[in-house]
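Those protein sequence lines, which keep their order, are chains A and B.
Per the UniProt record's numbering, the first sequence starts with residue 1, numbered consecutively.
Per the UniProt record's numbering, the second sequence starts with residue 1, numbered consecutively.
Even glycine gets a Cβ: it sits at the ideal position worked out from N, Cα and C.
Quick notes on the structure that follows.
Number of protein chains: 2
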Amino acid sequence: MTLKIKLGIIGYGGMGHWHGEYAPRAGVEVVAAYDVDPKRLEMAKENGIPAYDNLDDFLQHDGMNFVVIATPNDVHKELTIQSLLAGKHVMVEKPATMSVADWDEMVAESEKAGRILTVHQNRRWDRDYRVMRKVVEEGKIGDVLSIESRVFGTGGAFFGWRSFPEYGGGMILDWGVHLFDQLMNMYPETKVTSVYAKLMTVLDQKVDDYFKVTLTLENGPLLHVEVGTFAFYKLPRWYVIGNDGTLQIDDFDCKSGGYMKPRYTDTPVAEVVVMTTAGPTRMMAPRPPETKEDFPLPEVETDWTELYANLVEVMKGNEELIVKPHQVRRVLELIEAIFRSAEEGRSLDVRI
Amino acid sequence: MTLKIKLGIIGYGGMGHWHGEYAPRAGVEVVAAYDVDPKRLEMAKENGIPAYDNLDDFLQHDGMNFVVIATPNDVHKELTIQSLLAGKHVMVEKPATMSVADWDEMVAESEKAGRILTVHQNRRWDRDYRVMRKVVEEGKIGDVLSIESRVFGTGGAFFGWRSFPEYGGGMILDWGVHLFDQLMNMYPETKVTSVYAKLMTVLDQKVDDYFKVTLTLENGPLLHVEVGTFAFYKLPRWYVIGNDGTLQIDDFDCKSGGYMKPRYTDTPVAEVVVMTTAGPTRMMAPRPPETKEDFPLPEVETDWTELYANLVEVMKGNEELIVKPHQVRRVLELIEAIFRSAEEGRSLDVRI
């Protein structure tokens with residue numbers, strides 16, 4: 001049986017447009033779009049996609065078996081449930097929704113309907129993330145004590161609905177969702193025991209446009225996740241400290257970075273004392289070159305079309321879903337704790 | 001009256017040696033040294049410094065009016081008190097001592113004796129710190145939301161007593177004291193309201209050799225202080241986010257770094273969408289060059305001999321002490337909260 005995803009796009013804005021353009025690369029057939037904005041419907045038509053301004057009509061589009069929901073976050077839930085009731089499989093853009101309770105309702109509906117419910121966590125396929133995992137999981141830098149994940153930009157302002165809390169704006173619900181999903185997916189069995197979050201507004205007045213979050217794992221490295229939207233110098237995308245070396249990945253493209261390890265020789269490591277303006281330091285003196293070794297970032301194969309390919313195999317009953325509801329729930333639980341920690345101005349003991 | 005510091009050095013190890021060699025640049029006359037280690041007494045003599053293995057004899061050395069205490073931290077208190085009782089002014093190496101209660105006793109003794117008690121917080125004169133303050137305090141990058149202070153090295157192991165908790169080893173009590181003193185000195189009137197600390201042992205088994213501390217100020221930027229002793233790539237010494245730009249200082253020497261600000265033009269800032277392996281981003285797309293402006297780090301004059309010069313003026317009654325007992329107390333209070341936060345695995349509400 002050649003089963004195919006015949007995709008309907010709900011919300012033909014930035015990400016809706018992206019699915020329309022790129023999903024076909026994964027063998028997906030885009031069959032229809034729905035939006036409330038006539039201009040966007042016009043754009044869909046120009047791109048050869050039948051466009052609807054009425055949800056019921058859209059959901060009855062002939063042959064459509066899957067929808068992707070790429071609207072503002074506040075309407076994900078109702079659109080998901082209506083799509084499931086119409087017998088469609090559903091992939092929601094991230095964040096799936098804005099609360100664990102909403103997600104539980106959505107999952108219950110999908111189970112009742114016997115339809116797939118998943119989330120477009122496409123950044124599990126990001127090259128930088130895959131390279132970081134490969135180095136860490138192959139033990140290249142020993143036992144890992146700290147993983148820092150940062151995304152910095154200078155845009156400094158949100159577009160459209162993303163600057164309104166009521167629509168689920170702000171960076172925790174935007175980039176944050178990806179970055180937490182990546183790390184939670186790396187440590188599926190390891191509980192987060194503490195959450196400490198600082199949410200700031202650098203330029204924006206209403207939603208977080210700069211955050212720093214620290215997650216403590218029960219048996220695992222300390223996780224730091226940071227997003228800044230008005231940062232004119234970039235800190236590395238990934239910075240990882242192990243007890244046998246350090247990993248740095250500068251940017252998404254993995255064109256610079258590497259990992260460096262100690263090389264154990266007879267050379268004493270820190271005999272040198274370095275003078276700073278006001279005093280000496282021995283601990284922070286540079287290592288003799290022969291006592292360290294530099295490694296390039298490894299190559300990885302990664303192809304985000306796997307995400308769509310997986311959905312086809314799930315429809316056929318051949319594979320398990322990659323982006324699973326319970327994983328989505330965990331990230332939402334984390335995000336609720338993050339907002340609570342930030343609001344209360346303290347760390348929270350959790351088991352997530 | 002030409003009053004001069006005639007300095008006795010207690011503990012002729014690394015820092016004791018440093019005072020012996022460099023204090024004369026500040027017009028200080030080094031008149032004697034005391035140590036319990038015969039090898040070190042030998043070294044002092046070789047450097048032309050009369051050396052004592054008996055504290056009482058040392059304290060009666062003719063004309064000595066000031067002592068500097070550069071021993072392991074656990075004996076700072078008793079040596080300070082004995083020196084004060086012998087009528088000497090005292091400068092202790094950092095950390096002054098290991099608890100607020102001990103410090104209070106030391107201060108009470110100095111007041112009773114009518115003698116100076118201060119701490120060698122020489123890093124208030126560090127060029128990188130002065131440059132950071134200048135940029136921030138002159139408002140070059142607007143209102144500051146976050147200041148990150150990092151010192152990374154690869155030594156990876158402590159020397160001598162510094163690896164033992166009972167002697168006050170570990171990085172919080174070593175570099176930490178300097179870094180907290182710098183920031184507290186920058187915000188003397190602003191209360192720290194929350195302390196969150198993670199202390200780790202990367203290579204060392206007994207004391208912290210990697211820490212991350214977050215301090216929340218009542219009305220001020222979020223402060224992050226981090227020291228790593230086994231970090232093969234350096235993150236910048238200072239990284240500061242303001243609402244009108246970003247500051248980065250790469251290292252102590254201030255040879256690289258700068259600050260960058262937005263330039264408001266008619267060019268739309270974030271029209272570009274950047275494709276990463278797995279998806280697009282607009283917020284994190286690069287800025288058009290004409291919408292930002294680069295500035296070099298400013299020049300600053302800094303001279304650590306001011307610290308000794310100040311002590312002479314205090315002895316003459318002409319100046320206030322620069323490194324004041326209540327400032328030292330504040331840092332010790334902070335450090336106690338840091339150890340408690342790390343031990344309890346949570347943030348602490350404080351007023352420090």
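Tell me which same chain residues have a C-beta within less than 6 Å of the C-beta of residue 44 (chain B), skipping the five on either side of it?
Closer than 6 Å at Cβ, skipping near neighbours: 12, 33 and 51.
Whose C-beta lies closer than 8 Å to the C-beta of residue 325 (chain A) among residues of the same chain, with five residues either side of it excluded?
Cβ within range, chain order: 103, 107, 110, 117 and 118.
I'd like to know whether the C-beta of residue 208 (chain A) is nearer than 8 Å to at least one C-beta of chain B.
So no, residue 208 (chain A) is outside the interface.
Evaluate residue 38 (chain B) with the Cβ neighbour count: other Cβ atoms within 10 Å of its Cβ, from every protein chain shown; 16 or more gives buried, anything less gives exposed.
So residue 38 (chain B) ends up on the exposed side.
If you compare alpha carbons, which of A:329, A:230 and A:8 is closest to residue 204 (chain A)?
Of the listed residues, the one whose Cα sits closest to residue 204 (chain A) is A:230.
Under three-state DSSP, which class holds residue 188 (chain A)?
If DSSP states are grouped into helix, strand and coil, residue 188 (chain A) belongs with coil.
Assuming residue 367 (chain A) is part of the beta strand (DSSP E), what are its boundary residues?
The question about residue 367 (chain A) has no answer here: the residues shown for chain A are numbered 1 through 352.
Would you mind listing the beta strand (DSSP E) stretches within the region 49–117 of chain A that are 3+ residues and don't spill past its ends, in chain order?
Within the region 49–117 of chain A, the complete beta strand (DSSP E) runs of at least 3 residues are 66–69 and 89–92.
Is residue 196 (chain A) helix, strand or coil when you go by DSSP?
If DSSP states are grouped into helix, strand and coil, residue 196 (chain A) belongs with the strands.
Distance cutoff 8 Å, beta carbons only. Does residue 179 (chain A) sit that close to anything in chain B?
Closer than 8 Å: no.
Determine whether the beta carbon atoms of residue 128 (chain B) and residue 249 (chain B) lie at a separation below 8 Å.
Contact flag set, yes.
Would you call residue 208 (chain B) buried or exposed, if buried means 16 or more other Cβ atoms sit within 10 Å of its Cβ?
The residue is buried, with at least 16 neighbouring Cβ atoms inside 10 Å.
Looking at the unbroken beta strand (DSSP E) that takes in residue 152 (chain B), where does it start and where does it end?
144–152 is the extent of the beta strand (DSSP E) around residue 152 (chain B).
Taking residue 196 (chain B) and residue 347 (chain A) to be in contact with their CB atoms under 8 Å, please state how far apart those CB atoms are, rounded to whole angstroms.
Rounded, the Cβ-Cβ distance is 6 Å, consistent with contact.
Roughly how many angstroms lie between the CA atoms of residue 336 (chain B) and residue 329 (chain B), to the nearest whole one?
Whole-angstrom Cα-Cα distance: 11 Å.
For residue 7 (chain B), which residues in chain A fall below 7 Å Cβ to Cβ?
What residue 7 (chain B) touches in chain A: nothing, since even the nearest Cβ is about 16 Å away.
Going by beta-carbon coordinates alone, are residue 36 (chain A) and residue 7 (chain A) separated by less than 8 Å?
No.
For chain B, is any of its Cβ atoms less than 8 Å away from the one on residue 153 (chain A)?
Closer than 8 Å to some Cβ of chain B, the Cβ of residue 153 (chain A) qualifies, so yes.
Establish whether the CB of residue 340 (chain B) and some CB of chain A are separated by less than 8 Å.
Judged by the 8 Å Cβ criterion, residue 340 (chain B) is not in contact with chain A.
Quick check on the burial criterion: 16 or more other C-beta atoms within 10 angstroms. Buried or exposed for residue 25 (chain B)?
Counting Cβ neighbours within 10 Å, residue 25 (chain B) comes out exposed, since fewer than 16 surround it.
May I have the straight-line CA-CA distance separating residue 56 (chain A) from residue 68 (chain A), to the nearest angstrom?
So the alpha carbons of these two residues sit roughly 15 Å apart.
From residue 183 (chain A) to residue 148 (chain A), what distance separates their C-alpha atoms?
Those two C-alpha atoms are separated by around 10 Å.
How long is the line joining the alpha carbons of residue 53 (chain A) and residue 41 (chain A), rounded to whole angstroms?
Taking the straight line joining both Cα atoms gives about 7 Å.
For residue 228 (chain B), would you say it is in contact with chain A, using Cβ-to-Cβ distances shorter than 8 Å as the test?
Judged by the 8 Å Cβ criterion, residue 228 (chain B) is in contact with chain A.
What runs of the alpha helix (DSSP H), each 4 residues or longer, lie entirely inside the region 8–44 of chain B?
Runs found: 14–22.
Could you check which residue in A:298, A:121, A:160 and A:154 has the C-alpha nearest to that of residue 305 (chain A)?
Cα-wise, what sits closest to residue 305 (chain A) is A:121.
Drop a sphere of 10 angstroms on the beta-carbon of residue 85 (chain A), count the other beta-carbons inside from all chains shown, and report buried for 16 or more, exposed for fewer.
Under this definition residue 85 (chain A) is an exposed residue.
I need the DSSP call for residue 156 (chain B), collapsed to helix, strand or coil.
Of the three classes helix, strand and coil, the one that applies to residue 156 (chain B) here is coil, per DSSP.
For residue 177 (chain B), which residues from the same chain have a beta carbon less than 6 Å from its beta carbon, with the 5 sequence-adjacent residues on both sides left out?
Same-chain partners within the cutoff: 94 and 95.
Which residue from A:73, A:136 and A:61 puts its Cα closest to that of residue 172 (chain A)?
Of the listed residues, the one whose Cα sits closest to residue 172 (chain A) is A:73.
Return the CA-CA distance between residue 315 (chain B) and residue 307 (chain B), expressed in angstroms with no decimal places.
Cα to Cα, the separation comes out at about 13 Å.
Identify the continuous alpha helix (DSSP H) that holds residue 308 (chain B) and give its terminal residues.
Looking at the DSSP string, the run of the alpha helix (DSSP H) that includes residue 308 (chain B) is 305–315.
What residue range is occupied by the uninterrupted beta strand (DSSP E) comprising residue 335 (chain A)?
Run containing residue 335 (chain A): none in the beta strand (DSSP E); it sits in the alpha helix (DSSP H), 325–344.
Please state whether the Cβ-Cβ distance between residue 351 (chain B) and residue 193 (chain B) is less than 8 Å.
Cβ distance < 8 Å, so residue 351 (chain B) and residue 193 (chain B) count as in contact.
Return the residues of the region 212–228 of chain A that lie within a Cβ-Cβ distance of less than 8 Å from chain B, sorted by chain order.
Listed in sequence order: 212, 214, 216, 222, 224 and 228.
Which residues in chain B sit within 7 Å of residue 245 (chain A), going by Cβ to Cβ distance?
Ordered by position in chain B, the residues that pass the 7 Å Cβ test against residue 245 (chain A) are 232.
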